Structure formats: C-alpha cells, structure tokens
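Notes follow once the structure below has been shown.
There are 2 protein chains.
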Amino acid sequence: MKKIEGGVCAPQGFKASGIHCGVRPNKTKKDLALIVSAVPASAAAVYTTNLVKGAPLIVTKENLKDGKAQVVICNSGNANTCNANGIEIAEQMCELIANELNINKRDVIVGSTGVIGQPLSIDPIKNGIPELVANLSDNGSQIAAAGIMTTDTKLKEIALEFEIDGETCRIGAIAKGSGMIHPNMATMLVFITSDVNIDSALLQKALSNVVKDTFNMISVDGDTSTNDTVAIMANGLANNKKIVTENEGYNTFVQALYTLMTDLSRKIAKDGEGATKLLECKVDGAETKDIARTVAKSVICSSLTKAAMFGADANWGRVLCAIGYSGANVDVTKVDVSFKSAAGSIEVCKNGAGVDFSEEKAKEILLEDEIEILVSLNSGNESATAYGCDLTYDYVKINGDYRT
Amino acid sequence: MKKIEGGVCAPQGFKASGIHCGVRPNKTKKDLALIVSAVPASAAAVYTTNLVKGAPLIVTKENLKDGKAQVVICNSGNANTCNANGIEIAEQMCELIANELNINKRDVIVGSTGVIGQPLSIDPIKNGIPELVANLSDNGSQIAAAGIMTTDTKLKEIALEFEIDGETCRIGAIAKGSGMIHPNMATMLVFITSDVNIDSALLQKALSNVVKDTFNMISVDGDTSTNDTVAIMANGLANNKKIVTENEGYNTFVQALYTLMTDLSRKIAKDGEGATKLLECKVDGAETKDIARTVAKSVICSSLTKAAMFGADANWGRVLCAIGYSGANVDVTKVDVSFKSAAGSIEVCKNGAGVDFSEEKAKEILLEDEIEILVSLNSGNESATAYGCDLTYDYVKINGDYRT
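If you read the sequences in order, they're chains A and B.
If you read the first sequence in our numbering, its first letter stands for residue 1, the second for the next number, and so on.
If you read the second sequence in our numbering, its first letter stands for residue 1001, the second for the next number, and so on.
So this is what it looks like as structure tokens:
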C-alpha cells in the first residue's frame, strides 16, 4: 500500500470541483463542493447519533437505501439544520445537481455544514450549479476539499493505492473537521471515493467497523455535531473481482480504509479549532477493547489535560484523574503514564503514583506539536488510540463569536 | 428561613480558623483550615465517584463509619492524591489535630485540595497546628474558607436560620470550587455545620438526596475531581427534639439544606475557573426527572455553548445540538428555548426550529453576568436546573500552566 496524489480524484472515474456560490458572504471562501463518479457506485455512510439531525442526513439516508450513489454535493456556511424547510432544500439540492448531470436524483449524497438554525436559501446553490459542473476535473479534489471547510485552517485529503487480485485499486478522501467534533458513529464530513469493486453491504460493514477505531475516537471539544457524515462511493472501475464475501480482498480493502481514516482522524484532530498540538492517547494493557477506548477517549476529552498540554505542562495527575472518572473499571494502582514526542519520551507515573522525572526534559517533549500520552493499564492485552488537540485561547476566540 | 452572618460559625458551638502554614510557597495565601464543634456531632459525607480517590477521602470515610465527627481539618496547595504515603499523611493530620484538641482521632474529617501527585510533607502542617488551634474563633468562618481556596477568586460561605419545634436552628457552610468541577456524588470541598439535633443516618440521607439536585448539577469543565467531598456535622446544640424520622422537622431541615446547597452551587459555578458569567440551564416539561437532569447538564457542559455565552452570542443551535447528543430520549421537534437575564428574556427557538428574534435585544440579555438558558421539552412535568459558567481565555490561561 502506498500514498498517492489526487485525493478523491485518485480512484479511476472520479472528478471533483468546488466554487464560491454565495452561501457564505465572504467571496474568497469556497462554499460548494461536488464529487462525481463516471458510473453509479456502491455506496455506504454513517451518520451522527445526535437526535437533532441536519436535513441533508435524512435525505442522504433515504437516497442510500439501495446502496447506490454517483454524486456528492455539499455546501459550507450553513448546516441546513433546525430549519422548517430543511428537507425541502436538501431535496432541491439533489434534484438540481441530478438534472444538471442527467442522473437519478436518488443517487445523490447531500451534505451541509456551518451554522445551525439559519434558513438556507436554495438560490445561490441553484445559480452556482452550472459553474460547479463545468469546473469538474481530474484535479478537483483540493478545490472540493476547500468547498466543505468551515473553521478548518488546513485542507484535508489523502489517497492510497493497493492491490486486490492483482488489480491496482485506489481509495481517496476529503474531510473537514475543526469544531463540534466528538463523533459518535461518524465525524463531521468525510467523503471517500474508491474504484474497488465491492458489494454495498460489505462496503457498509467495512465503513462501520473502521469508524469505531478512527473517527469515533476523535474529540476536539466534546460536542457531537448534528451533521456528522462519513460517506463512501466505490465505483468498481479497478476491475477487481467483485468483493462479495469477507475474503482476502475484503481484508486488504479494510486495511486501506483503516490507513486512510486514521490519517484523516489525525489531520482533523490536529486542525481542531484553535489547536496548536495533536494529542494522541494510546492505551494498552486493557482487559477489554471497550475499556481501552473509554480510557483513551476520557483522557483526550479532559479540558484540564488539554489545557496542560497547551502549556507544555507535564501535569500527569490530570491524566490519572481523567482515567479515574472515565467510567471504565480500571485498577488505578496498576496504571503507568509516559509522554512521548519527536523530542523523546519520559515516564511520569508508575503504578498510579508519581515518579521522579526531569521537568526540563518533560517540557522539551511537550513543546513539540505532536504529543503521545501513553497509558499502560497492565491488566490485559487490548489497546486503543484516541485523537484530540490542546485547548487554547483561540478555541475560545473562534467560538465566542462564531456567527459574526 | 433567613440568611444570617457567620458561615460555619453561625450554628451554636462551632469555631473555625485558618492560617498559612507553608504547604503553599506563597505566604500571602492561607493553606490550612480548621472547624471545631464544642461537642461530638452527627456527621455525614458524600465523595467523588472518581476511581482515583485522594487519600484524605479514604481516611475520612473510615472515620465517619460511626456517624460521628467533631473536627474538620483541610489543607490547600496539595491534593495528597496519587502519593505512595498519602494515607499515612492524612492519618497523621488527624492524629496531630486530635492530640492538640484532646479529642478522638477518629472524629476528624480530613481534606486536601491542590495539585495531584506531588508528595505532601507533614512538617508545615505539624508546625502550624498549634497556631491553627490558638486562632480558633467564633468569627473564623471566612479565614477558614480562605484556607481551602485554590484558584477560587471569591470566598464562599453562607448561613441560614430556621425553626424546628419552636427552637431556632442554624446551618452554615464554607466551600471551594473553581476547576476540575463536574461533581458526581459531590463537588470539590464543602464543609457544612449545623446545630440541629438529628440522627446521623437521616443526616446522610438528607445530604445524599439534596446533592443530586445541587452540587451534582454543576459543571465547570467536565472534569470530575479526585477529591470532591461534601461533609456535614450537626451537633444538636439547637436543642430541638432529636430528628429520628422523616417528620416535619426533617423536611424543614432538608429545605434549609437545599437552600444552602443551591446558593453554594451557584457561587461555585459563577466562580468557575476563568468564568465571567454564571449560566443556569433550567429544563421543564420533561417526561422524567432523569431526562430533565441529563438535558440540563448536557447544555451546561457544552464547550460550544459556553464559548458562545462568553461572546454574548445567541447561538441557540448549539443548545439544540447539546440537547440532541445528551443521551436523553427527547422529541426535538417539541423543544422551545429562551435566554433570560436581568435585562429581560427572549425566545429564540420554538418546536425545534428558529424564530425571528432581535439580535440586538438578545445581545443585551447575554451581556449580563447571570444568564438563564430556559429549555421547555413540552413532554411532561419534571424539571431540573444545572449550574455552569462560560468558557473563557482565562480558563485556558489558568490551566495551561497551573503548576508553576
């Protein structure tokens, strides 16, 4: 397996584009993105568990009932959520793009991200669609990624190449993250394309399984969005023998999906609102997988730990505290904690109690921009990693006045 | 029932004091507090549910097995948690103060608050105890309250007077809060005194019940401390007929306890680390009490809602979002939301969708320093209130470098 260029356009038969259509007032920001497969593709998705769901999610879920899709259209600047006519607007988006592309309106995955509870006018989207379609290109992944960004500071895309049955296959994705990131079933918006030939039920299974260890292990701020969606289209143009059982080809595909989704999880966490550092909490020695996940996520979610990391302060007591209130049944007297980064690693807690360590060395390690918090529970063989970021002044700044 | 002066010294037979003994390097900060009842008192306490528990909690729990106590001793500056010799140090604190006062060492409630995982030397406490006892006074409540403060900016105390069986009774308390405040069973440190004559089992019952609707409904930062303790001593000197059943006297006492604990909950939330505003989320129309509590707490814990309140931004979509991910089974299409303060009130969401409102008026309301977020679920008759504060630059500042 190797990384390649091209994002969502790397797999055969996919084009993408992005434009500014006017949902956002700021003309320098793209606000509408499109991804199109040359042929109908197997499709699957996972959505937020928030009871308040964006209208586009409801429409997409309905459209994907047959396991098929050909197009992703998504706007930023407005979440189309908690609006009385939200479903109608989301359906209009599907219909308008389907008409322009001459495809079935039920083969559209529709997404929206931005402010909740402000009516979304269809006009700018309607007026923008001809240009959006005219701009479709093999090099359109990055401009589409720009079209779905909100407070993201970095564009997020990736593509991988691998082999199934001797055929070269590809998988690519674009993502947005930043705020309101505490996924449960899915994270903000991730659109994945592949030319693998795979049955849609198996595609759904692969996506649902891998999401548990990747996007669902991210937390930027503990707020689970109303619009989280991860959608995948696999159009079969790689010409591998269609995957219809959990065979070697399926495992290879799952491995590629895991690599891709882990990469994006790290990118989303590192670009969390206001973040200056990526934090990864790696828990091992857990009795069960659930305990490993619960402990890792509790540490990553702790405001106090996040603020300490911002200050490069080796305040490991806050890590212990977060383990203690996680709800997982842990023997805290067996817990070891280390901090690790490109500058080295240092043990700060052994058997639940502090050990002497060099504050100077710890500071040096924590001043790096990618920090691993290593937690050994010493009670079993299961492990899990959670992804997050530090809590900074800028998080407060960004969210103290998001709407203006 | 009326508010009176005197804090923990308002009930008959209680004295208090506070000194700087040297646990903290900063000599201008008190770091050791003492409360003494003239006679042994009925006593009860609730503690953190964090699996990592401060050593003083373990010792206090053991000491209160007989439902009796006479003294509270508590240091700030060091939590005496995650230390190999923590229990030994906490027991020495009990023994030293008991010897000085010539009482039973098992009648001591011991507490510590501050940094986790740094060894606590008994020396400054040992050397300070004679002065601490010499300073005991009827006017010592405020200086004792100062002795337990960490990042608190305001001293927290209250006292109430009420009647049982024609006898005047009093209840008083001191508290500390500020950070690592997301109690579960109890909040940071609250020490309550009363001269009511009550059986210790009923005292425990009253405390455990009232804590659910008061301290357990506070969240400053979602981090449940390792040292949360609420302890109460009732020494019987008011001479009411001893409360041994849930009679009218018991109900009067519970009402006083509720008033006192609600007052302190608001004070702790308003003085949350870095806070500029008290937030109260009042949920009504819930099908069950549990749903009301879960929804109220979810809103109060939302980082995005907290940051919006800091910015006086009426971003009600974040409130809906937090209701949606709370885990409570809520019909989101029935939810109404209003913001209220001394400057008025304004409805911003009706039946789960936005309503037209004056942004100017909303801003005016949200610029006040005590904000109510009113949520009507319109599905039943239960209600609950949660207490929190806004998320500010100063929260990050305080916690980015707490140890230095």
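Here a beta-carbon is modelled for each residue, glycine too, at the ideal position from N, C-alpha and C.
Every value quoted in this text rests on a predicted model; they were computed, and no experiment measured them.
Have a look at residue 418 of chain A and residue 172 of chain A and give me their C-alpha separation to the nearest angstrom. What is shown of chain A runs 1 to 404, which leaves residue 418 of chain A out entirely.
Alpha helix (DSSP H) containing residue 309 of chain A: first to last residue? 303 to 310
In angstroms with no decimal places, state the Cα-to-Cα distance between residue 47 of chain A and residue 205 of chain A. 14 Å
Answer yes if the stretch 1093 to 1104 of chain B comes into contact with the stretch 1070 to 1077 of chain B, meaning at least three C-beta pairs across the two stretches below 8 Å, and no otherwise. yes
Would residue 344 of chain A be called buried (16 or more neighbouring beta carbons within 10 Å of its own) or exposed? exposed
Could you check whether the stretch 1015 to 1035 of chain B touches the stretch 1143 to 1155 of chain B, counting it as contact only if at least three pairs of C-beta atoms, one from each stretch, sit closer than 8 Å? yes
Within 8 Å (strictly less), CB to CB, does residue 396 of chain A reach chain B? yes
Given a cut-off of 8 Å on the beta-carbon distance, is the pair residue 1300 of chain B and residue 1384 of chain B in contact? no
So, does the CB of residue 322 of chain A fall closer than 8 Å to a CB anywhere in chain B? yes
For a contact defined as C-beta to C-beta under 7 Å, what are the partners of residue 412 of chain A on chain B? Only positions 1 to 404 of chain A appear in the structure, and residue 412 of chain A is not among them; the question remains open.
Checking the sheet assignment: what are the DSSP bridge partners for residue 233 of chain A? A:43 and A:193
What does residue 51 of chain A reach in chain B if we use C-beta pairs closer than 7 Å? 1324, 1330 and 1332
For residue 1376 of chain B and residue 1290 of chain B, which I take to be in contact (beta-carbon distance under 8 Å), what is that distance rounded to the nearest angstrom? Not a contact, Cβ separation roughly 17 Å.
For residue 224 of chain A, which residues in chain B fall below 7 Å Cβ to Cβ? 1325
Interface residues of the stretch 1100 to 1129 of chain B facing chain C [CB-CB below 9 Å]: In the structure shown, chain C cannot be found, because the protein chains are A and B.
Applying the criterion that 16 or more other CB atoms from any shown protein chain within 10 Å of the CB defines a buried residue, is residue 1121 of chain B buried or exposed? exposed
Give the interface partners of residue 279 of chain A over in chain B, defined as CB-CB distance under 8 Å, in chain order. Near residue 279 of chain A there are no residues of chain B at all, since even the closest Cβ is about 14 Å away, more than 8 Å.
Hey, would you say residue 1233 of chain B sits closer than 8 Å to residue 1041 of chain B, going by beta carbons? yes
Taking residue 419 of chain A as the reference, give the member of A:227, A:330 and A:241 with the closest Cα. Since the first and last residues shown for chain A are 1 and 404, residue 419 of chain A lies out of range.
Taking the C-alpha atoms as reference points, what is the distance between residue 1027 of chain B and residue 293 of chain A? 44 Å
Residue 1008 of chain B (DSSP reduced to helix, strand or coil): helix
Chain A contact residues for residue 1221 of chain B, given Cβ-Cβ distances below 9 Å: 302, 303, 304 and 307
Please specify which runs of the alpha helix (DSSP H), each continuous and at least 4 residues long, are wholly inside the stretch 1069 to 1128 of chain B, giving them in chain order. 1086 to 1101
Starting from the Cα of residue 21 of chain A, find the closest Cα among A:279, A:295 and A:131 and give me that residue. A:131
Note down the Cα distance separating residue 1325 of chain B from residue 282 of chain A, rounded to an integer number of angstroms. 26 Å
Given that residue 1081 of chain B touches chain A, what residues does it touch there, using C-beta distances under 9 Å? 317, 320 and 321
Counting Cβ pairs, one atom from each stretch, are 3 or more of them under 8 Å apart for the stretch 1239 to 1257 of chain B and the stretch 1348 to 1368 of chain B? no
Just to check, is the beta-carbon of residue 1379 of chain B closer than 7 Å to a non-hydrogen atom of the ligand PLP? Absent from the structure shown: the ligand PLP. Ligands present: none.
Where DSSP assigns a beta bridge to residue 1387 of chain B, which residues make up the other side? B:1218 and B:1280
Find out if the Cβ-Cβ distance for the pair residue 1174 of chain B, residue 1253 of chain B is shorter than 8 Å. no
When the cut-off is 8 Å and only beta carbons count, does residue 389 of chain A lie next to chain B? no
Which value, in whole angstroms, describes the spacing of the CA atoms of residue 1090 of chain B and residue 1056 of chain B? 5 Å
So residue 1310 of chain B contacts chain A; which residues on that side make the cut at Cβ distance below 7 Å? 396 and 400
Provide the residue(s) that pair with residue 36 of chain A in DSSP beta bridges, ordered along the chain. A:15 and A:71
Determine whether the beta carbon atoms of residue 341 of chain A and residue 140 of chain A lie at a separation below 8 Å. no
Which residues DSSP lists as bridging residue 273 of chain A, in chain order: Beta-bridge pairing links residue 273 of chain A to no other residue.
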